[in-house]
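Residue numbers (my numbering): 44 to 343.
Here is the structure we will look at, set down as structure tokens.
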Ligand code: GDP
């Protein structure tokens, strides 16, 4: 089992009582513990390095108020910095979807196969219908896996949204445009486009989703990433962030035992807000992302 960070630091902290300032010397051991804790939480190394450098910069020279030990003061800096990186300073609006466009508002889903895209489409459709009273249409631009289209049809029916059938002989861009045309004619407020995911990053797939993006100009382009992906999340996020102007992230499978280091890696690479967290396989397992809770989870 991993030690809780505060307990871990407490062991180092004992030697530091009575110092009035955080210094290079009195924080070195603790920063090493923080670094280890982040690596154990599966945060990718470049993200860990940047985080430690930021904490160091904020902490050094900071006065330690009388009621605290230097260790407690440093834990405070670490917690604040991590929550801020997770998006705590962005305010609750950061997790909201934008509808500031002529309807239908288009949401494009991007991510690897198995990340949870199709499930998340169902969850979003349910949330938008029930909480936001929107008329929602879904479509799959995955012409490679008929099973994926069937899965989208099933989840869409489960949440009572409308489904636009896919002709697998059509090009993904044409399918997206046909669904958009249908949505306009039937006064849908939102069109959610599910896309093909491959098992790894591949150039043809990136070109295809970029072409869909260029054709329909979505107001939201959400990158769906599996929290269990661990350190690999950083490479996947980089590839999608380079190919597409992402507007937000959905972190799925947070009901699993992942510590959530992927959240920090993905924020580090994209700088985009994490808007939602997937917390169950069921279609009501979607929550607005909570930066502070995530920071605490990563710290263990
Ligand atoms: P896609 O290939 O990206 O469309 O991924 P799917 O939506 O098919 O999801 C892949 C698997 O992950 C399915 O078995 C889903 O039930 C599961 N899944 C998706 N989101 C979550 C989640 O938040 N929690 C859990 N436990 N499972 C999820």
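C-beta: ideal position from N, C-alpha, C; glycine also.
Secondary structure in the segment 69-143: the alpha helix (DSSP H) runs of 4 residues or longer, each lying completely within the stretch, are 88-102 and 113-129 in chain order. For residue 169, same chain residues with a beta-carbon under 6 Å away, outside a window of 5 residues either side, are 202 and 326 in chain order. Distance from residue 276 to residue 309 at the Cβ level is roughly 6 Å; contact confirmed, criterion being Cβ atoms closer than 8 Å.
For residue 186, no beta strand (DSSP E) segment is defined, and its DSSP state is neither H nor E.
Residue environment analysis places residue 144 among the exposed positions, since fewer than 16 neighbouring C-beta atoms fall within 10 angstroms of its C-beta. Straight-line spacing of the CA atoms in residue 322 and residue 159 works out to 11 Å.
Taking all protein chains in view, the Cβ of residue 138 is crowded by 16 or more other Cβ atoms within 10 Å, so the residue is classified as buried. By the Cβ rule, the segment 300-314 does not count as touching the segment 184-198, because fewer than three pairs are nearer than 8 Å. When secondary structure is reduced to three states using DSSP, residue 332 falls in the coil class, being assigned neither helix nor strand. Between the beta-carbon of residue 332 and that of residue 315 there is about 11 Å, and that puts the pair past the 8 Å contact cut. For residue 165, the enclosing alpha helix (DSSP H) covers residues 160-173.
The shortest CA-to-CA distance from residue 282 to any of 305, 253 and 244 is the one to 244. From the listed residues 178, 260 and 191, the smallest Cα separation to residue 228 is found for 178.
Here residue 337 is not near residue 265, since their CB atoms are 8 Å or more apart. Short note on residue 153: C-beta not closer than 7 Å to any heavy atom of the ligand GDP. For residue 263, the pairing in a beta bridge is given by DSSP as 150. The alpha-carbon of residue 194 is positioned some 21 Å away from that of residue 173. For residue 169, the CB stays at least 7 Å from every heavy atom of the ligand GDP.
Taking all protein chains shown into account, residue 110 has fewer than 16 neighbouring C-beta atoms within 10 Å of its C-beta and is therefore exposed.
Residue environment for residue 263: buried (at least 16 other C-beta atoms within 10 angstroms of its C-beta).
Judged by their CB atoms, residue 288 and residue 255 are not nearer to each other than the 8 Å cut-off.
For residue 205, the uninterrupted beta strand (DSSP E) run begins and ends at 205-207, by DSSP.
As DSSP reads the structure, residue 243 sits in no beta bridge. Using a C-beta cut-off of 8 Å, the segment 247-254 makes no contact with the segment 122-139, since fewer than three inter-stretch Cβ pairs fall below that distance.
In this structure, residue 106 places its C-beta atom within 8 Å of the C-beta atom of residue 64.
Residue 324 has its Cβ nearer than 7 Å to a heavy atom of the ligand GDP. Between residue 294 and residue 257 a beta carbon distance of about 26 Å is seen, past the 8 Å cut, so the two are scored as non-contacting. DSSP, read as helix, strand or coil, puts residue 65 in coil. Here residue 113 is buried: its Cβ has 16 or more other Cβ atoms, across all protein chains shown, within 10 Å. At a cut-off of 7 Å, the beta-carbon of residue 194 counts as near the ligand GDP: some heavy atom of the ligand is closer than that. In this structure, the beta-carbon distance from residue 84 to residue 343 falls below 8 Å. With respect to the 8 Å criterion, residue 213 and residue 161 are not classified as neighbours on the basis of their beta carbons.
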